[in-house]
Amino acid sequence: MTRRCLKVLTCFDKFKDSLKSRECGEAIAMAFKSYAQSSLLPSIQCVNIPLSDGGEGFLESIKQNHPNDYQLQFFPVRHPLHSKRHEIVQAPYYYKKHIHDNELNTQEHVYILEMATVCGLEQLSIEERNPFETTTYPLGLLIKHILLKHDENDNIHILLGIGGSCTNDAGIGCLSALGCINNFVFLDNDHAMDSDSNTCTDKLENSFVFYGKHLIHLSDFTIDFNALPYRYKDLTIDIACDVDNPLIGDRGATFTFSKQKGAKTQQEREMLEKGMIRFAELVRNKTGVDIADMPGAGAAGGISGGFYAILFGKVELKKGIEMIGTSCQLEQHIKDADLVFTGEGCYDDQSEGGKVVSWVAKLCEKYNKACIICCGQKKKDTVPNENCLLLDLLSRYPLEKSMKETFSCLTELTKEKLPLILGHAERLLKKE
Numbered sequence: 003m004t005r006r007c008l009k010v011l012t013c014f015d016k017f018k019d020s021l022k023s024r025e026c027g028e029a030i031a032m033a034f035k036s037y038a039q040s041s042l043l044p045s046i047q048c049v050n051i052p053l054s055d056g057g058e059g060f061l062e063s064i065k066q067n068h069p070n071d072y073q074l075q076f077f078p079v080r081h082p083l084h085s086k087r088h089e090i091v092q093a094p095y096y097y098k099k100h101i102h103d104n105e106l107n108t109q110e111h112v113y114i115l116e117m118a119t120v121c122g123l124e125q126l127s128i129e130e131r132n133p134f135e136t137t138t139y140p141l142g143l144l145i146k147h148i149l150l151k152h153d154e155n156d157n158i159h160i161l162l163g164i165g166g167s168c169t170n171d172a173g174i175g176c177l178s179a180l181g182c183i184n185n186f187v188f189l190d191n192d193h194a195m196d197s198d199s200n201t202c203t204d205k206l207e208n209s210f211v212f213y214g215k216h217l218i219h220l221s222d223f224t225i226d227f228n229a230l231p232y233r234y235k236d237l238t239i240d241i242a243c244d245v246d247n248p249l250i251g252d253r254g255a256t257f258t259f260s261k262q263k264g265a266k267t268q269q270e271r272e273m274l275e276k277g278m279i280r281f282a283e284l285v286r287n288k289t290g291v292d293i294a295d296m297p298g299a300g301a302a303g304g305i306s307g308g309f310y311a312i313l314f315g316k317v318e319l320k321k322g323i324e325m326i327g328t329s330c331q332l333e334q335h336i337k338d339a340d341l342v343f344t345g346e347g348c349y350d351d352q353s354e355g356g357k358v359v360s361w362v363a364k365l366c367e368k369y370n371k372a373c374i375i376c377c378g379q380k381k382k383d384t385v386p387n388e389n390c391l392l393l394d395l396l397s398r399y400p401l402e403k404s405m406k407e408t409f410s411c412l413t414e415l416t417k418e419k420l421p422l423i424l425g426h427a428e429r430l431l432k433k434e
């Protein structure tokens with residue numbers, strides 16, 4: 003590279019169970035610093051923008067990119083796992099009051115929520131994971147708490163990241179906590195109606211908590227259009243969704259994601275799928291909204307589809323990376339950079355389906371920037387476009403080392419590959 007100052011942008015998603023988004027960028031910066039000490043590399047300016055597609059790290063990404071805008075607050079809710087329902091979870095969220103620059107100086111109350119911190123896989127051990135025994139009810143309690151803080155004429159905007167959930171209840175638990183769905187009728191009351199009325203840990207709870215196991219017995223329910231969320235005329239809930247899977251079918255919520263949530267056998271997944279099909283039918287009959295094949299409806303155990311239909315007109319499904327990228331002016335940062343690093347723990351077919359890597363790669367192609375995709379493991383060799391190079395830790399290190407010493411491995415591999423990386427960037431610049 004011949005420029006006096008090399009502008010390096012790092013914009014990673016997390017390496018799951020290994021590195022946070024911010025730490026990935028720090029590892030790359032350390033590689034450049036170490037390499038510069040032993041080379042003729044020009045001065046370097048590293049800009050680190052942690053990203054998220056709506057899953058784990060959604061809150062941190064917002065906070066890192068807007069350190070002074072939001073206030074961190076907590077609200078106690080019950081644990082999402084039935085056997086731990088007595089335990090309290092301190093659910094974090096961010097809040098800011100935004101004054102719009104218009105004649106009325108309209109006030110907007112903005113909240114950032116991350117489902118993974120309330121009913122996420124990160125709260126369970128691998129042995130505890132079981133979508134029959136988990137619920138989105140705690141998330142409903144958190145949203146209810148937020149709404150009750152405001153007058154019904156207030157302008158409320160909730161940004162909800164839903165990746166990394168441990169649930170498969172179509173969001174019914176959450177919607178019932180909000181009062182939107184009630185009067186459940188079950189096919190088998192002996193198995194379904196095991197009320198938690200004597201084990202509630204929060205004053206906002208009703209007598210019945212809906213778990214994934216109730217989905218397979220669901221026969222009917224009532225939608226209460228006088229429930230709390232419907233009373234707020236200016237309530238908007240933007241759901242940050244990182245997948246386009248429908249609610250049901252081979253690519254649906256259950257058959258695609260419930261295995262990692264603890265549905266170990268095909269029989270268990272088929273039971274959950276029957277419940278999803280029945281829920282989609284009930285929703286279509288009651289609202290006229292067909293979520294069965296709707297892209298994105300199957301995210302986070304179907305909560306995106308359930309919310310979209312039951313709170314129709316108040317909910318929008320958006321790409322999580324688009325929401326984060328817009329808020330941190332990612333496109334402008336890429337335009338200004340000479341070299342861009344991005345990546346995630348596992349690079350596979352889903353990486354190009356609207357996730358962080360594909361979004362960054364697309365912008366790098368638009369502005370002819372070198373895009374270096376770093377991952378722990380690659381399950382495919384093809385890259386999104388010719389601007390991209392792919393580096394994976396497992397091609398250089400054993401699995402155990404790459405998992406336990408991810409930061410040092412990422413730093414070392416990047417430093418080793420910098421001549422190749424810089425040469426790639428130089429060739430792209432010559433095309434301009």
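Okay, so the sequence shown: first residue is 3 according to this note's numbering, each after it adds one.
Using N, Cα and C, we set each Cβ at its ideal position, and we do this for glycine too.
As the structure is a prediction and not an experimental result, all values here were calculated from the model.
According to DSSP, residue i sits in a beta bridge with which residue or residues?
i: I164; result: Paired residues: none, contrary to the question.
i: Y97; result: Q73 and Y113
i: I374; result: F343 and L391
i: T12; result: N50 and F343
i: T136; result: L83
i: N157; result: D236
i: C7; result: S45
i: V187; result: D222
In the structure shown, what three-state DSSP assignment does residue i receive?
i: K261; result: coil
i: G142; result: helix
i: M296; result: coil
i: C182; result: coil
i: R429; result: helix
i: C121; result: helix
i: I241; result: strand
i: L126; result: coil
i: L206; result: Because the pLDDT at L206 is just 45, under 50, the model does not fix this residue reliably, and the value given afterwards should be weighed accordingly. Reduced to three states, the DSSP call for L206 is coil.
i: P78; result: strand
i: E318; result: strand
i: V291; result: coil
i: T1; result: Here the chain has residues from 3 to 434 only, and residue 1 is not among them.
i: I148; result: helix
i: V211; result: coil
i: H216; result: helix
i: N170; result: coil
i: I305; result: helix
i: I90; result: strand
So which of the options has the shortest CA-CA distance to residue i?
i: K9; options: K18, F17 and F34; result: F34
i: I101; options: G142, H81 and H159; result: H159
i: Y72; options: L365, L115 and L83; result: L115
i: P297; options: D171, A31 and E318; result: E318
i: I46; options: P52, M32, L53 and D55; result: M32
i: L429; options: S23, E388 and K146; result: In the sequence under discussion, the amino acid at residue 429 is Arg, which differs from the Leu named in the question. Per the Cα distances, E388.
i: E124; options: I174, G57, I90 and C182; result: G57
i: A242; options: I64, N50 and K433; result: I64
i: R87; options: N70, A93, E135 and F77; result: E135
i: P231; options: E367, L150, S54 and F223; result: L150
i: I30; options: I423, F210, Q109 and Y95; result: I423
i: G251; options: A282, V291 and Q352; result: A282
i: Y95; options: P78, M325 and C168; result: P78
i: N184; options: I164, I225 and V291; result: I225
i: F17; options: R398, V358, K417 and A427; result: V358
i: V120; options: M325, P140, R286 and I305; result: P140
i: N370; options: K432, Q262 and V112; result: K432
i: S329; options: G290, C26, P52 and A179; result: P52
What distance in whole Å lies between the Cβ atoms of residue j and residue i, which are believed to be in contact at a cut-off of 8 Å?
i: F14; j: G322; result: F14 to G322, Cβ: 14 Å. No contact.
i: P386; j: A363; result: 4 Å
i: L220; j: R280; result: 6 Å
i: Q75; j: Y97; result: 6 Å
i: L420; j: Y37; result: 5 Å
Give a single yes or no on whether residue i has its beta carbon closer than 7 Å to a heavy atom of the ligand SAM.
i: L217; result: Within the structure as shown, the ligand SAM is missing, as the structure has no ligands at all.
Starting from the N-terminal side, write out each stretch of the beta strand (DSSP E) that is 3 residues or longer and does not extend beyond the stretch 323-366. Listed in chain order, they are 341-349.
Residue ranges of each beta strand (DSSP E) run of no fewer than 3 residues wholly in the stretch 18-58, ordered along the chain? 45-50
To test your reading of the DSSP string, which unbroken alpha helix (DSSP H) runs of 4 or more residues are found completely within the stretch 381-425? 401-406
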